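Chemist:
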Amino acid sequence: MNHQTAFSDPIIERKLFIQRMTFAGLCVVVLMLILIARYANLQINQHKDFVTYSEKNRVHVRSNPPSRGVIYDRHGEILAENRSSSNLSIIKERTDDLDGLIGQLGKLIDLSQGDITRFYKRLKRSRPFEQTPLKFNLTEQEQAILAVNEYLLEGVKVSAQLKRYYPKQELFAHVVGYVGRINEREISKIDPIQYSGTDSIGKTGLERFYEAQLLGKVGNEHVETNARGRVMRVLERNEPESGSNLTLHLDSDLQKIAHKAFGNERGSLVAIDISTGGIMAMVSAPSYDPNKFVAGISQKNYSSLLQSPGKPMFNRSIQGQYPPASTVKPLFGLIGLERKSISKSTAIEDPGYFVMEGIERPWRDHNSKRGGHGKGVDLAKAIIESCDVFFYHMGVKLGIDAMADNSKFFGLGSPTGIDIPGEASGIMPSRDWKKRSRGASWFNGDTINMSIGQGFMLVTPLQLAVMTARLASKGRQVQPRLVKSINGIEQSPIVMPDDFLADEVNWDYIHNAMKDVVHSPKGTARSIGKRMKYLIAGKTGTAQVVSINADEDYDKSKLDKSQWDHALFIGFAPFENPKIALAIIVENGEHGSSAAAPIAKQVLDAYMSSYQVTHQEISADFRTHDSVNATQLASHAQH
Amino acid sequence: MHSTDFVRRFRSPGGDRKITRRINIDFSLLLLLLFLCAFGLLVLYSAGGQDFFYVKRQLVFMAIGITIMLVIAQFPVRFWERWAFIFYGLGLLLLLSVLLFGVGAKGAQRWLDIGFTRLQPAEFMKICVPLMISAYLGKRFSPPIPKHVFWSAVMILLPTLLIVRQPDLGTSILVFTSGFLALFLAGLRKRYLISSVFLALASMPILWLFVLREYQKQRILTLLSPEADRLGAGWNIVQSKTAIGSGGLNGKGWTEGTQSQLNFLPESHTDFIIAVLAEEFGLLGVILLCITYLLIIGRCAFISINAQTQFGRILSGSLGLTFFVYIFVNMGMVSGILPVVGAPLPIISYGGTALLTLFIGFGLLMSISSEPRQIRTQL
């Protein structure tokens, strides 16, 4: 067809158009069917999956963290509680410009560089749509500023949170411990569900030991949120279960007095309720404020704590290991009597030194001027005046094995099992121990050193207190405990089945000797006994930090204070019906009698007055020399 | 009479034309459109957060649109044929001025601020281009000879490229398609059809490398795997598919769609409104909508087949098919079988310019449908 000359034919034109239109119409129907098929596929075949997605979009499960258990002392004074604080956090996914947002926040409230750096660190660990904290403990003013500007700050959340608080500050830092932010190492161990919504965990002390009980059970909330994360309504709610409250054996008043008594000295005091093993006071000086750790301690504060010469972070009560020195003499004396290495009538002459056959170097008596304690030194006198030479003699006769084996009953050489972590085991040397740790045989010289609590022997203040309590209770083996009751349920004392069995006469002999340490004119602790209105039993100790040659005198002016002797004291009271036992160590305090015993007196005075064990009754009992009416006294003690 | 007019007109036998014919209204088309408007407002109320804000504005646009449609229907087809090139030229000028003085958002320059409102001239090209092509080819031979095909192609590509420059890929594709469909209905020979398909395929790598912008490429990649970036580029598609899928057969009920009511669905009152409809009215709602659309398109086909002139045929046919292309692009994009381009769902989506354009188109269709019957005679 020649298009240049011919006109188009309307019939053919229309036919061609109808052809085209029919083809297009077919295409339209087919494509429409494809569309419907697509929608049917989504709405019928994949319906269930998409319902799940849309529910996931809509419904979010929010954790309701439980409130952590409160810790009380025995009188119900709060040692650890929860205070509400408000924190500023950001949900990264809800903001388009994170850095810009932080810059904007920085203009509104005070944000330190540290806050921002820590925020970015946390952000790396956070899950999608999780609130990442930026600043803790907002002031009221800051909260108000943020509330006013809320509409500008997409993705910012101010939330109230319970924060751990220790009202007694440094007083119980080592015992109660503290909580801190969960770190990477801990995050791999904990149950992510139980800790959702909780960002801190017990780091030390009771807070760590009783973490499982204190934490409580997490609750949750199913909430409907819109795309911006705003909660539209709560669909379902499971209340959290608060953590268990702990009531301790500790007595805040005693603790306070003991803590104060240390002044600027370094050292530790542990006081135990003899019948239950409950720890009534546990001081490690110097101490620190645990509140600093709760929201994350700054690097500067932390290193200054670590580098402080007094080592405040170090829990001396359970981690400090010291030679027990003369405080161990009553125990070894008792073992000597029981093993019949000596008798009550055994007496020696003390020239001021002791010579072992075949060894050139003599052992000196640390507790006497030149010339020694003289003639007729028996066990009682050796305890009262702390004569070393008597114990050298006895030690050689008794032998290492008897000393080591029997000491175990008194908690020496192994952890006592107290309910806070990190306890050191101390060293109760034996032949076996020396072979293992030093690769050498045991020598008599080792026995002689050990018989006065020096040489290899090391104890923690807690072990000393436990030893004292077991001496006082005549061999009853009670484990020391801090927690008295959990949620009001009394925890029964843990008593080991096998008591240390000894002749009653020997027990009384040792007890009396210990009483005379304090209450006789020649006793090493007579200075505290003078004005005491009740009777106690005690023993002083002076532990050498550096060894002094036998022919030299200890001269403190030649030594740095860090090399001065440690001062020790153990004791129990009241003498007639022992209720409380304590052990004290004052680092580089020189003499047990002058540095440690006065602290004991202050604590025991407070104990006797507050527990209403009046001295009239005691002295009356003591005068008549009757066997102590235990039940009567016990009932008095209750009041 | 114009010299190129080769047909004589007669009144239809009996002269008893129906009243609807006399007032130039295609009653069935009007009824279908009104139903669609009502359905659209219902969905829009829910999609707009159960607020009358968008509904009121949309209602005003609809009233204006329907009025314009009825006015246009009163003009004889010849008027539109004769003035087609004026409208087309005006449209081109507007497009040029958008490039020069336009205002825009998000890096695109699409609107002309004319004081009381903003105009999107590219929208009107969806009408002007088929109008122009129909007018140009309607007077010429069918099937068109190469020279006419060439000039038609120029007339289609000129506005298309101008719109690509804005950039507005979605509208430019629709404008191109509307012109191409007119060309197709005019009887474009199969060899041109086949070669244009090959040309399109061959130009794809060039488009990818030189024309498409980064965000546009991203959209295509997102189509292929929306789950790869659930919170970023894939968010829209994942959320709209979730809305559609969770609607099921019967839907969650009007204003009960959680995806849309809780704002998980982006652009829920404009381009993604079909997801709201699908979520709340289910597959049954979608099918009802599709049937309504098909009936409208069917009516357009009927009008085109019965049109008295080649111009009327091509124009009404291409407008009807373009209408379907809008539907397909939008519903395909929201359900995740086509890449995301800015394309509203006809009549249902909120948007004034799109509504006006559609009603102008339907006005032309009504004008064609009420054209007096002619007896064709070869001169």
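Going down the list, the protein sequences come from chains W and H. Each residue of the first sequence is one higher than the last, beginning at 88 in the working numbering. Each residue of the second sequence is one higher than the last, beginning at 8 in the working numbering. Glycine residues also receive a C-beta, built at the ideal position from the N, C-alpha and C atoms. Values in this document were obtained by computation on a predicted structure and should not be read as measured data.
Please check if any C-beta of chain W sits within less than 8 Å of the C-beta of L302(H).
Modeler: False, the Cβ-Cβ gap to chain W never drops below 8 Å.
Chemist: Return the first residue and the last residue of the alpha helix (DSSP H) that K347(W) is part of.
Modeler: From DSSP, the alpha helix (DSSP H) with K347(W) extends over 339–348.
Chemist: Just to confirm, are E311(W) and R145(W) a CB contact at a threshold of 8 Å?
Modeler: Cβ distance < 8 Å, so E311(W) and R145(W) count as in contact.
Chemist: Indicate whether the contact test is met: 3 or more Cβ pairs, each with one atom in the region 149–164 of chain H and one in the region 189–199 of chain H, closer than 8 Å.
Modeler: A contact exists between the region 149–164 of chain H and the region 189–199 of chain H.
Chemist: What in chain W is Cβ-close to M338(H), meaning under 7 Å?
Modeler: Result: L122.
Chemist: Starting from K626(W), follow the beta strand (DSSP E) in both directions and report where the run begins and ends.
Modeler: Segment 624–630, the beta strand (DSSP E) holding K626(W).
Chemist: Assuming L466(W) and K427(W) make a contact with CB atoms under 8 Å, what is their CB distance in whole Å?
Modeler: Not a contact, Cβ separation roughly 12 Å.
Chemist: At a CB-CB cut-off below 7 Å, which residues of chain H make contact with E100(W)?
Modeler: Here the neighbours are S149, Q317.
Chemist: Which parts of the region 454–486 of chain W are runs of the beta strand (DSSP E), unbroken and 3 residues or longer, counting only runs that do not cross its ends?
Modeler: Correct list: 461–465.
Chemist: Given this structure, state the Cα-to-Cα distance separating I623(W) from P661(W), to the nearest angstrom.
Modeler: Answer to the nearest angstrom: the Cα atoms are 5 Å apart.
Chemist: Output, in chain order, the set of chain H residues within a Cβ distance shorter than 8 Å of D136(W).
Modeler: The answer, in chain order, is G252.
Chemist: CB-CB under 7 Å to Q256(W), same chain, minus the five flanking residues each way: which ones, in chain order?
Modeler: Here the set comprises D376, N378.
Chemist: Can you name, in chain order, every residue of its own chain whose Cβ lies under 6 Å from the Cβ of G349(H), other than the five neighbours on each side?
Modeler: Around G349(H): G177.
Chemist: Taking the C-alpha atoms as reference points, what is the distance between A49(W) and E308(W)?
Modeler: Outside the shown range of chain W, which is 88 to 726, sits residue 49(W), and nothing can be said about it.
Chemist: Classify Y126(W) as helix, strand or coil using the three-state DSSP reduction.
Modeler: Helix.
Chemist: With burial defined as no fewer than 16 other Cβ atoms inside 10 Å of the residue's Cβ, what is the status of Y207(W): buried or exposed?
Modeler: Exposed is the call here.
Chemist: Taking the alpha carbon of S528(W) as the reference point, which residue from T139(W), I487(W), G509(W), S404(W) has its own alpha carbon closest?
Modeler: It is I487(W) whose Cα lies nearest to the Cα of S528(W).
Chemist: Please check if any C-beta of chain H sits within less than 8 Å of the C-beta of R125(W).
Modeler: For R125(W), the answer is yes, since a Cβ of chain H falls inside 8 Å of its Cβ.
Chemist: Using 10 angstroms around the beta-carbon of S560(W), count the other beta-carbons present and answer buried if the total reaches 16, otherwise exposed.
Modeler: Buried, because 16 or more other Cβ atoms sit within 10 Å of the Cβ of S560(W).
Chemist: Assuming Q566(W) and G407(W) are in contact, meaning their beta carbons sit under 8 Å apart, how far apart are those beta carbons, in whole angstroms?
Modeler: That belief does not hold up - the Cβ atoms of Q566(W) and G407(W) are roughly 20 Å apart, past 8 Å.
Chemist: Does N243(H) have its Cβ less than 8 Å from a Cβ in chain W?
Modeler: No - not a single Cβ of chain W is within 8 Å of the one on N243(H).
Chemist: Shortest alpha-carbon distance to T329(H) belongs to which of T360(H), F369(H), K63(H)?
Modeler: With distances taken between Cα atoms, T329(H) lies closest to F369(H).
Chemist: According to the neighbour-count rule (16 or more other Cβ atoms, all chains shown, within 10 Å of its Cβ), is D437(W) buried or exposed?
Modeler: The residue is buried, with at least 16 neighbouring Cβ atoms inside 10 Å.
Chemist: From the DSSP output, in three-state form, read off T701(W) for me.
Modeler: For T701(W), the pLDDT reaches just 49, beneath the cut-off of 50, and the residue's location in the model is therefore unreliable, leaving the point undetermined.
Chemist: Please go through the region 117–192 of chain W and give each complete alpha helix (DSSP H) segment of 4 or more residues, from N-terminal end onward.
Modeler: List check, alpha helix (DSSP H) in window: 134–145.
Chemist: I want to see whether chain H comes within less than 8 Å of Q130(W), judged by CB atoms only; does it?
Modeler: At least one chain H Cβ lies under 8 Å of Q130(W).
Chemist: I573(W) lies in the alpha helix (DSSP H); which residues open and close that run?
Modeler: Run containing I573(W): none in the alpha helix (DSSP H); it sits in the beta strand (DSSP E), 570–573.
Chemist: How many Å lie between N593(W) and Y440(W) at the Cα?
Modeler: Each residue's Cα considered, the two are about 27 Å apart.
Chemist: Please confirm whether G327(H) and S342(H) have their CB atoms less than 8 Å apart.
Modeler: No. Outside cutoff.
Chemist: Considering only C-alpha positions, which residue in the set Y95(H), I170(H), F217(H) is nearest to S159(H)?
Modeler: Nearest option by C-alpha distance: Y95(H).
Chemist: Would you call Y238(W) buried or exposed, if buried means 16 or more other Cβ atoms sit within 10 Å of its Cβ?
Modeler: Burial call: exposed.
Chemist: Could you run through the region 201–216 of chain H and flag, in chain order, every residue whose CB is less than 8 Å away from some CB of chain W?
Modeler: Those would be none; no residue qualifies.
Chemist: So with Cβ pairs under 8 Å, would you call T360(H) a contact of chain W?
Modeler: Taking Cβ atoms only, chain W never reaches closer than 8 Å to T360(H), which makes this a no.
Chemist: Which residues in chain H sit within 8 Å of R320(W), going by Cβ to Cβ distance?
Modeler: Residues of chain H passing the Cβ test: none, with the nearest at roughly 11 Å.
Chemist: Are there 16 or more other CB atoms within 10 angstroms of the CB of A682(W), so buried, or fewer, so exposed?
Modeler: Label assigned to A682(W): buried.
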